[in-house]
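Participant: Mind having a look at this structure? Questions to follow.
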Amino acid sequence: MTQDHTSMNRRHLLAAAGCLGFALAVQPVAASVIHTDSQALETGIPDIDTANGIMPGYFAKPANAKSHPPLVIVIQEIFGVHEHIKDVCRRLAKQGYFAVAPELYFRHGDPALPADIDTLLREVVSKVSDREIQDDLDAAWRWAGAQGADQTRAAAVGFCWGGRQAWLYASHNHQLKAAAAWYGKLEGPTSDLMLRHPLDIVQQLDVPVLGLYGGQDQSIPLASVERMRAELKRTGSESEIIVYPDAGHGFNADYRPSYNERAAQDGWRKMLDWFARHGAR
């Protein structure tokens, strides 16, 4: 065995075993981490056929469901489909949903392995285009429908990096009933990989989105949130934005110091109510 293979195997063992399913870039894991069991659930790794490869990820749904459960597409954080995103899927499945989180970096690298955020951004995240992501979310949509998820009662939810994608996917997939974007970036420079941001697509937004933001977020200024809120109001959108004044970025990430229990629990309740109100239940 070569030294490269030995190093690679060791890194995979660290990511899969020693780090308890969390990306290396988020170590150490905070004591506040929540673990949702899989009792009465069916969980697993999907084989999602895209136009360019088989995409893995994670799914959770009620076991032995007597009817087709409503679908929620869970859009990963910047750290990929690690244990926190899997736990979110199980939480949704406990509420009766078929939740699927596609691994949207699967062509470009393993987000569990870089030891810091700068390396993760440079080696993996910077290679992924919005168009590729939207196409892969469509592939997850088709896969879930073929597995029995009810696409007539479907929603999407995204966190951080995925929060921005949730806004974009809501403007792309008009069959969604609702979406929720947790502290997703709203505006910024564009590029060949990022042609538009949520603030640019409000006029095409006919799926109601609930935006959940922190008033102390250093990466998404309140001025940006207020510009988005004003544009939603100007266009008569059903979408809404809630700001938690004492919360920072990543306030639902219970495995990190940014976790704000009060804001996270309130946001979760409001998200479920939002889905139900708009027919995704």
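Under mature numbering (1 follows the signal peptide of the UniProt record, and there is no 0), read the sequence shown as residues -31 to -1, 1 to 250, first letter to last. Idealized CB from N, CA, C, for every residue including glycine.
1. Helix, strand or coil: which one does DSSP assign to THR19?
2. Counting only runs that start and end within the stretch 15 to 88, where is the alpha helix (DSSP H) found for 4 or more residues in a row?
3. Take the Cβ of LYS30 as the centre, count every other Cβ of all protein chains shown within 10 Å, and call the residue buried at 16 or more, exposed below.
4. Please state whether the Cβ-Cβ distance between ALA(-7) and PRO71 is less than 8 Å.
5. Please confirm whether GLY26 and VAL94 have their CB atoms less than 8 Å apart.
6. When you compare only the Cα positions, how much space is there between TYR224 and CYS129?
7. Please go through the same chain and pick out, in chain order, the residues whose beta-carbon is closer than 8 Å to the beta-carbon of ARG133, but skip the five residues on each side of it.
8. Does DSSP put VAL194 in a helix, a strand or coil?
9. Who does TRP151 pair with in a DSSP beta bridge?
10. Does the stretch 98 to 106 come close enough to the stretch 136 to 146 that 3 or more CB-CB pairs lie under 8 Å?
11. Using a Cβ-Cβ cutoff of less than 6 Å, which residues in the same chain neighbour GLU11 once the five nearest sequence positions on both sides are dropped?
12. Have a look at HIS247 and PRO(-4) and give me their C-alpha separation to the nearest angstrom.
13. Roughly how many angstroms lie between the CA atoms of ASN142 and ILE210, to the nearest whole one?
14. By a C-beta neighbour count over all protein chains shown, 10 Å radius and 16 as the cutoff for buried, is ASN221 buried or exposed?
15. Let me know the secondary structure DSSP gives ALA207 once reduced to three states.
16. Mind checking who TYR213 pairs with in its DSSP beta bridge?
17. Distance, Cα to Cα, ASP235 vs ILE3?
18. From ALA232 to LYS35, what does the alpha carbon distance come to, in whole angstroms?
19. For LEU10, which residues does DSSP report across the bridge?
20. Give me the residue from ALA20, ASN21 and HIS51 with the minimum Cα distance to ILE14.
21. Since VAL97 and TYR74 are thought to touch, with beta carbons under 8 Å apart, how far apart are those beta carbons, to the nearest angstrom?
22. Take SER188 as the anchor and find which of GLN172, ASP56, SER227 and ILE54 has the nearest alpha-carbon.
23. Starting from ARG165, trace the alpha helix (DSSP H) both ways and give me its first and last residue.
24. For ALA(-2), which of helix, strand or coil comes out of DSSP?
25. Return the Cβ separation of ASP242 and ASN229 in integer angstroms, given the expectation that the two are a contact with Cβ distance under 8 Å.
Facilitator: Once the coordinates are examined:
1. Position 50 of the sequence shown, counted from the first residue, corresponds to residue 19. Here THR19 sits in strand by DSSP.
2. Every unbroken stretch of the alpha helix (DSSP H) spanning 4 or more residues and falling wholly within the stretch 15 to 88 is given here in chain order: 52 to 63.
3. Taking the first residue of the sequence shown as position 1, residue 30 is located at position 61. It counts as buried.
4. Within the sequence shown, the letter at position 25 stands for residue -7. Within the sequence shown, the letter at position 102 stands for residue 71. The answer is no: Cβ separation not under 8 Å.
5. Sequence index remark: in the sequence shown, residue 26 carries index 57 (1-based). Sequence index remark: in the sequence shown, residue 94 carries index 125 (1-based). Taking 8 Å as the Cβ cut-off, GLY26 and VAL94 do not qualify as a contacting pair.
6. Residue 224 sits at position 255 when you count from the first residue of the sequence shown. Residue 129 sits at position 160 when you count from the first residue of the sequence shown. Roughly 14 Å separates the two Cα atoms.
7. Position 164 of the sequence shown, counting from 1, holds the residue named residue 133. If we look at ARG133 and ignore the five residues flanking it on each side, its Cβ neighbours are GLY127, ALA150, GLY153, LYS154, LEU155, HIS166 and PRO167.
8. As a position in the sequence shown, residue 194 is number 225, starting the count at 1. Reduced to three states, the DSSP call for VAL194 is helix.
9. Residue mapping note: residue 151 aligns to position 182 of the sequence shown, counting from 1. Assignment of beta-bridge partners to TRP151 by DSSP yields PHE128 and LEU181.
10. Counting Cβ pairs under 8 Å, three or more are found: they touch.
11. Taking the first residue of the sequence shown as position 1, residue 11 is located at position 42. Here GLU11 has LYS30 and ALA32 as same chain residues with Cβ atoms under 6 Å from its own Cβ, once five neighbours each way along the sequence are excluded.
12. Within the sequence shown, numbered from 1, the residue matching residue 247 stands at position 278. Within the sequence shown, numbered from 1, the residue matching residue -4 stands at position 28. Note on geometry: alpha-carbon atoms of HIS247 and PRO(-4) lie some 38 Å from one another.
13. On the sequence shown, residue 142 is found 173 positions in, with the first residue counted as 1. On the sequence shown, residue 210 is found 241 positions in, with the first residue counted as 1. Straight-line Cα distance between these residues: approximately 20 Å.
14. Here the question's residue 221 lines up with position 252 in the sequence shown. Buried, because 16 or more other Cβ atoms sit within 10 Å of the Cβ of ASN221.
15. In the sequence shown, the residue the question calls residue 207 occupies position 238. Looking at the sequence shown, residue 207 is not Ala but Glu. Assignment of GLU207 by DSSP, reduced to helix, strand and coil, places it in the coil class.
16. By one-based count along the sequence shown, residue 213 stands at place 244. TYR213 pairs with GLY183.
17. Here the question's residue 235 lines up with position 266 in the sequence shown. Here the question's residue 3 lines up with position 34 in the sequence shown. ASP235 and ILE3: Cα-Cα distance of roughly 16 Å.
18. For the purposes of this step, residue 232 is taken as residue 263 along the sequence shown, with counting starting at 1. For the purposes of this step, residue 35 is taken as residue 66 along the sequence shown, with counting starting at 1. Approximately 34 Å between the Cα atoms of the pair.
19. Walking along the sequence shown from the start, residue 10 turns up at place 41. As DSSP reads the structure, LEU10 sits in a beta bridge with PRO31.
20. For the purposes of this step, residue 14 is taken as residue 45 along the sequence shown, with counting starting at 1. Nearest option by C-alpha distance: HIS51.
21. Along the sequence shown, read from residue 1 onward, the residue named residue 97 stands at position 128. Along the sequence shown, read from residue 1 onward, the residue named residue 74 stands at position 105. The beta-carbon separation of VAL97 and TYR74, rounded to 6 Å, stays under the 8 Å limit for a contact.
22. Taking the first residue of the sequence shown as 1, we reach residue 188 at position 219. Of GLN172, ASP56, SER227 and ILE54, the residue nearest in Cα terms is SER227.
23. By 1-based counting over the sequence shown, the position of residue 165 is 196. Premise fails: ARG165 is in no alpha helix (DSSP H) and is neither H nor E.
24. In the sequence shown, residue -2 corresponds to position 30, counting from 1. Coil, per DSSP.
25. Working through the sequence shown from its first residue, we reach residue 242 at position 273. Working through the sequence shown from its first residue, we reach residue 229 at position 260. Contact between ASP242 and ASN229 does not hold, since the beta-carbon distance rounds to 19 Å and is not under 8 Å.
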